[in-house]
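Engineer: Let me begin by handing over the structure; questions about it come next.
Protein chains in written order, with full-length UniProt numbering: chain B, 1 to 380; chain L, 1 to 380.
Quick look at the structure:
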């Protein structure tokens, strides 16, 4: 009996892109700062996580973060998982500073500086606060760097907050992209495609919504947290190594993904869950196959992950059609796409196979309210 | 600390293809039979296991067992791992019978019957015992169907015993192939290539020795038995599923393997261990990548297997060049190719990382004699 997961999140998809919230969050960190800075501007934003169903893996340009292939994701509701960023700008600040989850980081970070530079380039140069120093305070309410798309939400949030602070207009997904590739997909709600683009400057390498969440309101996502430890290999170095060493990656990016992307887009437009699930699972497996074909191999899934895969295939077989789709990012945690009508039964099966660490299993389920039944052995 | 492996075999490569041994083995099973059958013929053979460095995965013809790509393996010494088959032919036998590891199996087995038919077709039709019934008794001295190439050795042994019984001449690898694809490689010693061939009848789909074991006498193989349970998915159904569903398999077979095969052949001819090891590890990883790209995925390696991979890469990095190569067949057990000079140190590292179940670790090491030192933490 496996018992390695310790949290399940039940989430819906979401259309609201970002929320500009009050000063509240910033004040938690810097309470009383307003008494020091009479002349200041503060913005606070929250941004969503996205879970890809066609995976991004491999860049054709490392500096501009231009991908080898298009990718596609669902944007999750910010109710239970989100990044939150506050930025304070003031002429009184001595230097730029940056905190992540309460710990100060160096501001001398190429990606952060690139985003800031690009937002400022697009701002009205007459803005009085354009040259003030800033303090950035970011926080994720979920594990960082454990393959739960934390950098995507984090950079989307940072760029949106900067764009708000400097009052820039138009698409900002291209700016979020230079922070963290898949962050560009967190800039829009619902179902979002990141187009790899064709120009060498990345001008057409942006995200676009292909369908709002309201198009398929029954869609739910379960996040099974198998391990919230920091992952062994970062996505950045893993994908660089794949580009350098995996011949299968090149074939996947050029020959397989374009076809899959149009098929899954069609499946989403037709609300064809059977097809959507098949492509989602195949693409997750192929992404991890490419990681395994990398030299040395990058292994993100573990025995528990593979057990979840087996359980989902067994469940779908029992139901005689695909009722649940798994997908794994660069970590062992599973994300399950399924319709609302299946949530209760799937959670019951998962609780049966992976008995929770305590008798009260409901403690381990967060997010939308679901009742979980104790099931008999009929599935196995 | 992991402790899931429970046996390490230390083996050398071998040139002797087969041994025709005495009646002894047969008599263990059917002692006293000669008093019943005054008119009988008995042959007993032993045959070696082979460990592929360029993997066979996927058939272009299911009936004739014609592969999608060439493969290449080393043939292990029969000292510690082998298949043993005795065949008794007698006009007094009422029917054909077949025992595997002491348990009677149905003789109504298409592959077994195909091998028997083909050997008889090539025999001198005037042989008096050609139409006598036979009893076949096979035994492996290592786990069956746990991804340790048991069917390869088993069918090679069966076909060699049949060929001896019916006195046929010439290459028999094509007959072994129709028993179990990779069995054709166990028909020769040293380094053996299985050529996929081009004709539709499989006439040119045979094995050939590319170098004898004596060409590289320092080569050793360590077999780390992680799990000797029967594997979850048979190779036959797994590779059929891969052919049907994995687009990466087709690309691998047609575009990647031909190049790798000529590179590793060159490396073996030049005794270039660095290059040999790199290709061996890459090909093992790519084979498992294709299994993962299969739908539903076939997972043969587990967390212990991946830990062994990590240890080998760490060891090679510490040594600043490839001193050991891992390869995994359709199961979690690791086969390590390395030169004799490295055996002691590698075994010590493995014993350090995977502490054996008892204090006396040497009990877990079988095969060639090796002294294992207790090592300090310098590697980690």
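Using N, Cα and C, we set each Cβ at its ideal position, and we do this for glycine too.
Within 10 angstroms of the Cβ of residue 193/L, are there 16 or more other Cβ atoms? Answer buried if so, exposed if not.
Structural biologist: So residue 193/L ends up on the buried side.
Engineer: Using a Cβ-Cβ distance cut-off of 7 Å, determine whether residue 47/L contacts chain B.
Structural biologist: No, because no Cβ of chain B sits closer than 7 Å to the Cβ of residue 47/L.
Engineer: Determine whether the Cβ of residue 259/B lies closer than 7 Å to any Cβ atom of chain L.
Structural biologist: Not closer than 7 Å to any Cβ of chain L, the Cβ of residue 259/B fails to qualify, so no.
Engineer: For residue 68/L, which of helix, strand or coil comes out of DSSP?
Structural biologist: Correct three-state label for residue 68/L: coil.
Engineer: Consult DSSP for residue 326/B and reduce its assignment to one of helix, strand or coil.
Structural biologist: DSSP places residue 326/B in strand when its eight states are reduced to three.
Engineer: Assuming residue 372/L contacts residue 348/L (C-beta within less than 8 Å), just tell me the rounded distance between them.
Structural biologist: About 5 Å; that satisfies the 8 Å criterion.
Engineer: Going along the region 257 to 285 of chain B in order, which residues come within less than 8 Å of chain L, judged by CB to CB distance?
Structural biologist: Per Cβ criterion, the list reads 278, 281, 282 and 285.
Engineer: When Cβ atoms are compared, which residues of the region 303 to 322 of chain B fall closer than 7 Å to chain L?
Structural biologist: Correct list: 303, 306, 309 and 313.
Engineer: So the alpha helix (DSSP H) residue 264/B belongs to, where does it begin and stop?
Structural biologist: That run of the alpha helix (DSSP H) goes 257 to 269.
Engineer: For the region 300 to 317 of chain B against the region 255 to 266 of chain B, are there 3 or more C-beta pairs whose distance is under 8 Å?
Structural biologist: They do not touch, by the three-pair rule.
Engineer: Are residue 285/B and residue 293/L closer than 7 Å when you measure CB to CB?
Structural biologist: Cβ distance < 7 Å, so residue 285/B and residue 293/L count as in contact.
Engineer: Going along chain B, which residues have a C-beta under 7 Å from residue 253/L?
Structural biologist: Neighbours of residue 253/L on chain B: none; closest Cβ ~12 Å, over 7 Å.
Engineer: Against chain L, with Cβ distances strictly below 7 Å, would residue 295/B count as a contact?
Structural biologist: Residue 295/B counts as touching chain L.
Engineer: Any beta-carbon of chain B closer than 7 Å to the one on residue 350/L?
Structural biologist: Cβ-Cβ to chain B under 7 Å: no for residue 350/L.
Engineer: Output the distance between the C-alpha atoms of residue 206/B and residue 319/L, rounded to the nearest integer angstrom.
Structural biologist: Using only the alpha carbons, I get a separation of about 45 Å.
Engineer: Compare the Cα-Cα distances from residue 171/L to each of 180/L, 181/L, 159/L and 56/L and report the closest residue.
Structural biologist: Measuring from the Cα of residue 171/L, the nearest candidate turns out to be 159/L.
Engineer: Of all the beta strand (DSSP E) runs that stay within the bounds of the region 73 to 137 of chain L, which reach a length of 3 or more residues?
Structural biologist: DSSP runs (the beta strand (DSSP E)) wholly in the region 73 to 137 of chain L: 83 to 90, 97 to 100 and 103 to 105.
Engineer: From residue 255/L to residue 236/B, what distance separates their C-alpha atoms?
Structural biologist: Roughly 28 Å separates the two Cα atoms.
Engineer: Apart from the five residues on each side of it in sequence, which residues of its chain come closer than 6 Å, Cβ to Cβ, to residue 161/B?
Structural biologist: 43, 45, 85 and 87.
Engineer: Let me see if you follow: with CB-CB separation under 7 Å, is residue 54/L close to chain B or not?
Structural biologist: Judged by the 7 Å Cβ criterion, residue 54/L is not in contact with chain B.
Engineer: Measuring alpha carbon to alpha carbon, tell me which residue in 129/B, 209/B and 101/B is nearest residue 92/B.
Structural biologist: Among 129/B, 209/B and 101/B, the Cα nearest to that of residue 92/B is on 129/B.
Engineer: Is the region 67 to 80 of chain B touching the region 115 to 134 of chain B, taking contact as three or more C-beta pairs under 8 Å?
Structural biologist: No, the region 67 to 80 of chain B does not touch the region 115 to 134 of chain B.
Engineer: Does the distance from the CB of residue 69/B to the CB of residue 250/B come in under 7 Å?
Structural biologist: Taking 7 Å as the Cβ cut-off, residue 69/B and residue 250/B do not qualify as a contacting pair.
Engineer: When the cut-off is 7 Å and only beta carbons count, does residue 224/B lie next to chain L?
Structural biologist: Answer no: the Cβ-Cβ gap between residue 224/B and chain L never drops below 7 Å.
Engineer: Does the CB of residue 289/B have a neighbour CB from chain L at under 7 Å?
Structural biologist: So yes, residue 289/B belongs to the interface.
Engineer: Give a yes or no on whether 7 Å exceeds the smallest Cβ distance from residue 248/L to chain B.
Structural biologist: Judged by the 7 Å Cβ criterion, residue 248/L is in contact with chain B.
Engineer: Out of 345/L, 337/L and 367/L, which has the shortest C-alpha to C-alpha gap to residue 52/L?
Structural biologist: Among 345/L, 337/L and 367/L, the Cα nearest to that of residue 52/L belongs to 337/L.
Engineer: Flag residue 292/B as yes if its beta-carbon sits less than 7 Å from any beta-carbon of chain L, otherwise no.
Structural biologist: Chain L, which has a Cβ nearer than 7 Å to the Cβ of residue 292/B, makes this yes.
Engineer: Pick out whichever of 60/B, 290/B and 325/B has its Cα sitting closest to the Cα of residue 272/B.
Structural biologist: That would be 325/B, whose Cα lies nearest to the Cα of residue 272/B.
Engineer: I'd like to check one pair, residue 9/B with residue 367/B: are the Cβ atoms closer than 7 Å?
Structural biologist: Taking 7 Å as the Cβ cut-off, residue 367/B and residue 9/B qualify as a contacting pair.
Engineer: Is there a C-beta anywhere in chain B that falls below 7 Å from the one on residue 385/L?
Structural biologist: Shown here, chain L extends from 1 to 380; a query on residue 385/L therefore has no answer.
Engineer: Rounded to whole angstroms, what's the CA-CA distance from residue 244/L to residue 369/L? Just pull it up for me.
Structural biologist: Rounded to the nearest angstrom, the two C-alpha atoms are 45 Å apart.
Engineer: What residues are listed by DSSP as bridge partners for residue 61/B?
Structural biologist: Partner(s): 66/B.
Engineer: Is it true that the CB of residue 150/B sits closer than 7 Å to the CB of residue 180/B?
Structural biologist: Not a contact, by the Cβ cut-off of 7 Å.
Engineer: For residue 299/B, list the residues DSSP reports as bridge partners.
Structural biologist: Beta-bridge pairing links residue 299/B to no other residue.
Engineer: From the DSSP output, in three-state form, read off residue 224/L for me.
Structural biologist: Three-state result, residue 224/L: strand.
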